[in-house]
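For the sequence shown, position 106 (counting from the first letter as 1) is numbered 106 according to full-length UniProt numbering, and the numbering increases by one without interruption. Backbone N, C-alpha and C define an ideal beta-carbon position, used for all residues, glycine too. This report concerns only the one structure given below.
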Amino acid sequence: MAASYRNFITALEQTPWAPRNLTTTPQREQKLMQKMQISIEKLKKSGFFASFLNQIRTSEASFHIHKVTESEHKLKMVIYGIGSIESSRSSELQLSLAILMKKEVDWIGSLF
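Structure representation (C-alpha cells):
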C-alpha cells in the first residue's frame with residue numbers, strides 16, 4: 001500500500017498543472033472581469049478593507065515593512081492556491097484583496 005501511494009504522489013508531482021476548463025469565450029471573460037471589478041469595488045468600500053489598510057499603515061507595521069523592503073523598495077506578492085475566481089467567492093475575495101493592496105500600498109511590486 002505504501003509503495004502505490006508513493007507512486008501516486010510521484011505521478012502527481014510530475015504532472016504539470018493545466019486548467020480544467022480549456023474552453024473560454026470573450027463573453028465569459030467579459031462577465032468574469034465585470035464580476036471582479038464589482039468585487040474589488042465592494043471590498044474597497046468595506047469596513048474590513050479600511051481597517052486592514054489602517055493596520056498595515058500604522059507606524060509600527062509600516063516600520064517593519066519598510067525595514068524588510070529597504071533593499072528592493074517593493075515586495076513581490078505571490079498568490080498560491082487561490083482557486084477558481086469564477087466559482088469560489090473566497091478565491092474572488094482573495095484576488096480582490098491582492099489587487100487592491102497592489103493599488104493602495106506603495107511597497108507592493110509585482111503580483112505572481
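| Item | Value |
| --- | --- |
| Using the three-state DSSP reduction, which class does lysine 76 fall into: helix, strand or coil? | strand |
| Count the other CB atoms, across all protein chains shown, that sit within 10 Å of the CB of isoleucine 79; report buried if there are 16 or more and exposed otherwise. | exposed |
| To which residues of the same chain is isoleucine 85 closer than 6 Å at the C-beta, ignoring the five residues directly before and after it? | Ser91, Glu92 and Leu95 |
| Does the beta-carbon of serine 39 have 16 or more other beta-carbons within 10 angstroms, so that it is buried, or is it exposed? | buried |
| For serine 110, name the three-state secondary structure that DSSP assigns. | strand |
| Tell me where the alpha helix (DSSP H) around lysine 45 begins and ends. | Careful: lysine 45 lies outside any alpha helix (DSSP H) and carries neither H nor E. |
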